[in-house]
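Protein sequences, first through last, are from chains A and B. Residue numbering for the first sequence is 1 to 243, as defined by the working numbering. Residue numbering for the second sequence is 1001 to 1267, as defined by the working numbering. We treat Cβ as the ideally placed atom computed from N, Cα and C, and that holds for glycine. Only one structure is covered here, and it is reproduced in the block below.
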Amino acid sequence: MKLSLQHVVKRFGTHTVIDDVSLELDGVHCLALIGPSGGGKSTLLRIVAGLEYPTGGTVILNDKPIEYHDEALLRHRRSIGTVFQAFNLFPHMTALKNIMLPLEKVHGRTHDEARDLAEGTLRRFQLLDHAHKRPAELSGGQRQRVAIARAIAIKPQVVLLDEPTSALDPEMTAEVLELIEELKQEGRDLLLVTHEMGFARCLADRVALLANGRIEEFGPPEQIFGAPQSEVTRSFLSRLLKY
Amino acid sequence: MIETWRDLFLAPGGARGDVSPPPLARALNSLFALLVLIGLVWVCLATLPLNWTQAWGDRFDLLKGWLMTVQVTAIALVLSVLLGFLLSLGQRSYFLPLRYFTRFLVEITRCIPLLALIFLVWYGFEGALGIGNQYRLLSGILILTLFESAYISEIFRAGIESVGKTQIESARAIGFTRTQTYRYVIIPQAFRQVLPPLVGQLVSLIKDSSLLSVIAIAEFTQTAQQTTSNNYLTLEDYFVLAVGYLVLTVPISLWSRWLERRFKYET
Chain A
1 MKLSLQHVVK RFGTHTVIDD VSLELDGVHC LALIGPSGGG KSTLLRIVAG LEYPTGGTVI
61 LNDKPIEYHD EALLRHRRSI GTVFQAFNLF PHMTALKNIM LPLEKVHGRT HDEARDLAEG
121 TLRRFQLLDH AHKRPAELSG GQRQRVAIAR AIAIKPQVVL LDEPTSALDP EMTAEVLELI
181 EELKQEGRDL LLVTHEMGFA RCLADRVALL ANGRIEEFGP PEQIFGAPQS EVTRSFLSRL
241 LKY
Chain B
1001 MIETWRDLFL APGGARGDVS PPPLARALNS LFALLVLIGL VWVCLATLPL NWTQAWGDRF
1061 DLLKGWLMTV QVTAIALVLS VLLGFLLSLG QRSYFLPLRY FTRFLVEITR CIPLLALIFL
1121 VWYGFEGALG IGNQYRLLSG ILILTLFESA YISEIFRAGI ESVGKTQIES ARAIGFTRTQ
1181 TYRYVIIPQA FRQVLPPLVG QLVSLIKDSS LLSVIAIAEF TQTAQQTTSN NYLTLEDYFV
1241 LAVGYLVLTV PISLWSRWLE RRFKYET
């Protein structure tokens, strides 16, 4: 993945959430965004996802600048997969239908193609037995795995994961993290907002710590977690390790 | 057990409150309640000097009126669901003239008694547009439609607003257009939410149609009034009238309750 953020700013009214963030990534497969709550991680992810307009600055993903107007953003969103913390799936349809719907209605696949693709994806993630269940009949972990399957099925250029395990208990968290690790091993490009520090440490190629809307530290995980340069990083990590 | 007045009326919450009584107890108690009601009606009917034989002679008139009510409500039902849906979308429109026009229309319609609305619209339009008698029935149906659609639009609006923000976010993230988001995500979910209250509103629509009698539309109530002025059997005719409405409304009301229970457990 090639991602370039140039002086990205996001304000809600007078409140500045992203404060002049610049970042250059090239050949990185997995970027983890960490940091305290309210630090701007999710907002930054949503700007890259094309769900939020930046107040200023430029975002270039894989050499293509993201144009922030409705039509271009629609095309942009169709080229990436986004998974939120919870309630990703549509509760009124089965897991299979949830995956088929975007393939059919957004990506122009026929009904049969969509079903084959959706079943194939579910099989790969050992979810085929649950294909005909509705989200309410699935566990939280299964739900997130189906949501990831839906994001993958469209063959996105990058997968954005916004705290995908924050609403899950530890056991389900492990099951979802395993799946994300699998994606990484397949060579997929991931951008991950997470509170799972251990996971960020072993999975990410680069880690960025956001606090107060700024990137306080950016580097390989060995640096961030092993030898943090910034005072903010050190105090953030020590607060996490306190209990 | 029932020991005080509190126990009689305030159901306990929690585990005890959720236990439904055994089927036999339910059946016996509902039978008992029904018998008490029938008994009360029976006592009244038996003490009064009622003339059912003479009333029987006018059965075809009443049946014609009843069929007219079925027709009027069936048409008004379809139209008011359509108009209610459009009004609910209009009330959320980003095009402000449309938003405020629909909001005012809904608010004013809901705040005027149906009886006044019927007179105002019928005599207002009759005078202003020179509408003739042949449009009386059509106007009646349209006035009823307007009135009910104001309520229905509020039901729809609540349903649309009950769909979670994350659902709409998911739809956007997938790359759905706005129309697709409404079609595949918002409307199907809102529909499940609104079905029970919508069906309940249908009961109101049927009852409200009786007020069309005031502009001389020959529906059920108007027919009963006519019949009464001929045979002077007020109680008999109105008893038939009540039963005629119950035949239409009770099944729908039960259906609404059934839908409510069904969707309660599926979310």
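For A/Ser4, the enclosing beta strand (DSSP E) stretches over residues Leu3 to Phe12.
B/Ile1252 and B/Val1203 have their alpha carbons spaced roughly 7 Å apart. Taking a contact as a CB-CB distance under 8 Å, the pair A/Val146 and A/Asn212 does not count as one, their CB atoms being some 35 Å apart. Linking A/Pro228 to A/Arg234 through their CA atoms gives a straight-line distance of about 6 Å. When A/Ala174, A/Gly50, A/Met197 and A/Arg201 are compared, the shortest CA-CA separation from A/Leu241 is found for A/Met197. Residue pairing by DSSP places A/Arg214 opposite A/Ala211 in a beta bridge. Contacts with chain A at 8 Å (Cβ-Cβ) include B/Ile1174. Around the beta carbon of B/Ser1020, a 10 Å sphere encloses fewer than 16 other beta carbons of the protein chains shown; the residue is thus reported as exposed. Within the same chain, no Cβ atom closer than 7 Å to the Cβ of B/Leu1067 is found once the five residues on either side in sequence are excluded.
DSSP assignment within the region 1048-1111 of chain B yields the following whole alpha helix (DSSP H) runs of 4 residues or more, N-terminal first: 1052-1056, 1059-1091 and 1096-1111. According to DSSP, A/Leu190 shares a beta bridge with A/Cys30 and A/Val159. Fewer than three beta-carbon pairs drawn from the region 67-77 of chain A and the region 10-17 of chain A are found closer than 8 Å, and the two stretches are therefore not classed as touching. Beyond the five residues adjoining it in sequence on each side, B/Thr1181 comes within less than 8 Å, by CB distance, of Ile1168, Ala1171 and Arg1172 in the same chain, given in chain order. Here the alpha carbons of B/Ala1190 and B/Ala1224 stand approximately 40 Å from one another. At a cut-off of 8 Å between C-beta atoms, A/Val176 does not count as an interface residue with respect to chain B. DSSP places A/Val176 in the uninterrupted alpha helix (DSSP H) bounded by Pro170 to Gln185. The shortest CA-to-CA distance from B/Val1081 to any of B/Thr1221, B/Ala1242, B/Gly1200 and B/Thr1227 is the one to B/Gly1200.
With a threshold of 8 Å between beta carbons, B/Ser1170 makes contact with chain A. Those residues of the region 1176-1210 of chain B placed with their C-beta closer than 8 Å to a C-beta in chain A are Phe1176, Thr1177, Gln1180, Tyr1184, Val1185, Pro1188, Gln1189 and Arg1192, ordered along the chain. Any Cβ of chain A closer than 8 Å to the Cβ of B/Gln1134 would place that residue at the interface, and such an atom is absent.
Here A/Gly56 has Val9 as same chain residues with Cβ atoms under 6 Å from its own Cβ, once five neighbours each way along the sequence are excluded.
Contact note: B/Thr1166 reaches chain A through Phe84, Gln85, Ala86, Phe87 and Asn88, using a C-beta cutoff of 9 Å and chain order. With a threshold of 8 Å between beta carbons, A/Pro164 makes no contact with chain B. For A/Glu231 and A/Leu237, the gap between their C-alpha atoms comes out near 10 Å. From the listed residues A/Val158, A/Arg188 and A/Val207, the smallest Cα separation to A/Ser79 is found for A/Val158. In the three-state reduction of the DSSP assignment, A/Gly56 falls in the strand class, which pools E and B.
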